[in-house]
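As structure tokens, the structure follows; a few thoughts come after it.
2 protein chains.
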Amino acid sequence: MERTMEMYLEEKKQFIDNALKKYMQALQVPPALKQSMTYSVEAGGKRLRPILLLASYEAFQKDITVALSSAAALEMIHTYSLIHDDLPAMDDDDYRRGKLTNHKAFSEATAVLAGDALLTYSFEIISKDDKLTAVQKAELIALLAESSGPKGMVAGQILDMEAEDKAITLQELERVHTLKTGELLRYAVYAGAYLGGATEKQLHALQLFASYLGLIFQVQDDILDVTGDELKLGKPVGSDALNLKSTYPKLLGIDGAIEKKEQYLLKAKESLQAAGIENSNLMDLAIYFGQRDY
Amino acid sequence: MERTMEMYLEEKKQFIDNALKKYMQALQVPPALKQSMTYSVEAGGKRLRPILLLASYEAFQKDITVALSSAAALEMIHTYSLIHDDLPAMDDDDYRRGKLTNHKAFSEATAVLAGDALLTYSFEIISKDDKLTAVQKAELIALLAESSGPKGMVAGQILDMEAEDKAITLQELERVHTLKTGELLRYAVYAGAYLGGATEKQLHALQLFASYLGLIFQVQDDILDVTGDELKLGKPVGSDALNLKSTYPKLLGIDGAIEKKEQYLLKAKESLQAAGIENSNLMDLAIYFGQRDY
């Protein structure tokens, strides 16, 4: 990774972490609930989704404070989805990012409620951000609910569950990932550009960019599950193979998966050119998404 | 119950049921998810919360179509909370309203996701209702998120869990119920009056009304768990005693609980008088909340 990109990611991560900390501190709620919510929000993570939102905003505007609530809300939604995904009834994971999962550190009931609370709080912080107009609030909330709800991420999770222990086609696999991973990335790119004042045509091209970004992200995730370093990843590798899950390497081989990733990167670049913002940090982020080793 | 009140409840229930049906039909999502969401949304229930919202709106305005999305969203939030509450890690209930609970009819994972989906969808339908202004959408979403999230209902659920198998004071008991049950009723009353154009002073008085309503609702719930008819209730009675849960009858005796309820009813009436709308259907609803036998 280039030195400048590394610094960019670190700088933006700080903004996000500070915003999240501020929102969590402002919460006056029962200690057990706050502790459990905060545990997962502060469990680390690269904050790639909210950074993507800020990068998309910055392709059009400078003062990112306007975009911080939408970015923090996105990270809260992502965090809630991980908490619920890790539950015994779902993926039944004991560790995430090298730390105990929420239900292991607290209890299953607390984890269910902490997830529900983060999901709900994410809408609250957008609806109350006085840097946004009412029109912006309504638009952002509609976007976030669509991307994360039954038409978006949750649909992807159901389809992912159904696809376990079952051979599916590349097309079906792409649909699962577009919903499960891609929808939140679409929100990130779209919300940032919308707040930045992008035109309809630019928003349209950026939606395409986001969908390729989601696929790049997922191919790399699958590749890392085969070739990754457990220590860097903070989770065991090879779990996809154990689960008999359909993955890119399984359907295309490792070389085929890498080739597929290159194709998606090319498409992503073309979409940014169509939006006229190929010089923004968005392309570097796409490349980073495809190269990350943890 | 008076005949007129019965007809009023039935008529409004129809409006809510139709609105819910419309919103569920509009959802283009994976069949397994839709089936599970719809199962619980259509599992019956008296729709008291959304009816309360409509009654509060009608104390000020006539055309209830403006209030239908906020009312349907409220019922979806209530439904999601029941689905998650019934999970094995939470109350571990197999039946609700005489039907299998969601995780029993489908699976635990599906129930977690159906709950998440309903919660998220509730914000989507408000944010996209073109009968509302952007200012109204933002205000309603802020209200709903506050009432149902970590500061409201979810806080009540955590406190309720902590209070199990533990003796708590009447004051602590009231706090749990105010959050767990009262907050959604507060949203109902407040959102309806806000959309209807109530003044600040009226909204303030109505918040008080709503808090007493929540307490009335809960005392009656506790009383029914001792004296209720299992067939009418569609659930076993006596479960509170088994759980060693703090309840009004346990703290005050049955007679004491009934007296407490009468006090709350008086307070509720005074709040409506302060708001100048004692002739609305709201008082009859409060009385009904305190008399219901199922």
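Chains as they are written, first to last, in this note's numbering: chain A, 1 to 294; chain B, 1001 to 1294. Backbone N, C-alpha and C define an ideal beta-carbon position, used for all residues, glycine too.
Mind checking who residue 100/A pairs with in its DSSP beta bridge?
95/A
Assuming residue 1123/B and residue 123/A form a contact by the criterion Cβ under 8 angstroms, report the distance between their Cβ atoms to the nearest whole angstrom.
5 angstroms
Buried versus exposed call for residue 170/A [16 or more other C-beta atoms within 10 Å across all chains shown]
exposed
So is residue 1218/B buried or exposed if we call it buried at 16+ other beta carbons inside 10 Å?
buried
Where residue 227/A falls, given that 16 or more other Cβ within 10 Å makes a residue buried
exposed
Please confirm whether residue 296/A and residue 125/A have their CB atoms less than 9 angstroms apart.
The structure shown does not extend to residue 296/A, since chain A is modelled only from 1 through 294, so no value can be given for it.
Measuring CA to CA, which of 1190/B, 1097/B, 1046/B and 1075/B is closest to residue 1142/B?
1190/B
Is the CB-CB distance between residue 290/A and residue 261/A below 9 angstroms?
yes
Exposed unless 16 or more other CB atoms sit within 10 angstroms - verdict on residue 1031/B
exposed
Ordered list of alpha helix (DSSP H) runs contained in the region 158-238 of chain A, each at least 4 residues
170-177, 183-196, 200-227 and 230-233
Let me check understanding here. Comparing Cα to Cα, which of 183/A, 130/A, 72/A and 116/A lies closest to residue 1157/B?
116/A
Given this structure, state the Cα-to-Cα distance separating residue 1135/B from residue 51/A, to the nearest angstrom.
28 angstroms
Residues of chain E with CB closer than 8 angstroms to the CB of residue 28/A, please, in chain order.
As a matter of chain content, chain E is missing from the structure shown, whose protein chains are A and B.
Select from the region 1061-1092 of chain B all residues with a C-beta closer than 7 angstroms to any C-beta belonging to chain A, and list them in chain order.
1084, 1087, 1089 and 1090
Mind checking which residues open and close the alpha helix (DSSP H) that includes residue 1267/B?
1248-1275
Nearest candidate by alpha-carbon position, reference residue 184/A, set 288/A, 207/A and 165/A
207/A
Give the residues of chain A in contact with residue 1005/B, contact being defined as C-beta atoms less than 9 angstroms apart.
Here the premise fails: no neighbours, minimum Cβ distance about 33 angstroms.
Check whether the Cβ of residue 1195/B lies closer than 9 angstroms to any Cβ atom in chain A.
no
Along the region 1111-1139 of chain B, where does the CB come closer than 7 angstroms to a CB of chain A? Name the residues.
1112, 1113, 1116, 1117, 1119, 1120, 1121, 1123, 1124, 1127, 1128, 1134, 1135, 1137 and 1138
What are the residues in the region 161-172 of chain A lying within 7 angstroms of chain B by C-beta distance?
161 and 162
Under a three-way DSSP split, which group does residue 1110/B fall into?
helix
Interface residues of chain B around residue 37/A at Cβ under 8 angstroms?
1150
Tell me which residue opens and which closes the alpha helix (DSSP H) that residue 1049/B is part of.
1048-1058
Can you give the beta carbon distance from residue 188/A to residue 74/A, rounded, assuming they're within the 8 angstroms contact cut?
6 angstroms
Nearest to residue 162/A (by Cα), restricted to the options 146/A, 21/A, 148/A and 180/A
180/A
Can you tell me where the alpha helix (DSSP H) with residue 1323/B in it begins and where it stops?
Beyond the ends of chain B as shown, which are 1001 and 1294, falls residue 1323/B; an answer cannot be given.
Reference residue 1096/B, options 1041/B, 1285/B, 1203/B and 1029/B, closest by Cα:
1041/B
Could you please tell me which residues of the region 1180-1205 of chain B, in chain order, have their CB closer than 9 angstroms to any CB of chain A?
none
Assigned secondary structure, residue 28/A (DSSP; H/G/I helix, E/B strand, else coil)
coil
Reference residue 213/A; option with closest CA among 286/A, 11/A and 22/A:
286/A
Rounded to whole angstroms, what's the CA-CA distance from residue 1186/B to residue 1205/B? Just pull it up for me.
11 angstroms
First and last residue of the alpha helix (DSSP H) that includes residue 291/A?
282-291
Interface residues of chain A around residue 1042/B at Cβ under 9 angstroms?
Residues of chain A passing the Cβ test: none, with the nearest at roughly 16 angstroms.
6 angstroms Cβ shell around residue 202/A - same chain, five flanking residues per side excluded
275
Taking only the alpha-carbon atoms, compute the straight-line gap between residue 1120/B and residue 77/A and give it to the nearest angstrom.
10 angstroms
Could you pull the start and end residues of the alpha helix (DSSP H) that residue 1042/B belongs to?
Careful: residue 1042/B lies outside any alpha helix (DSSP H) and carries neither H nor E.
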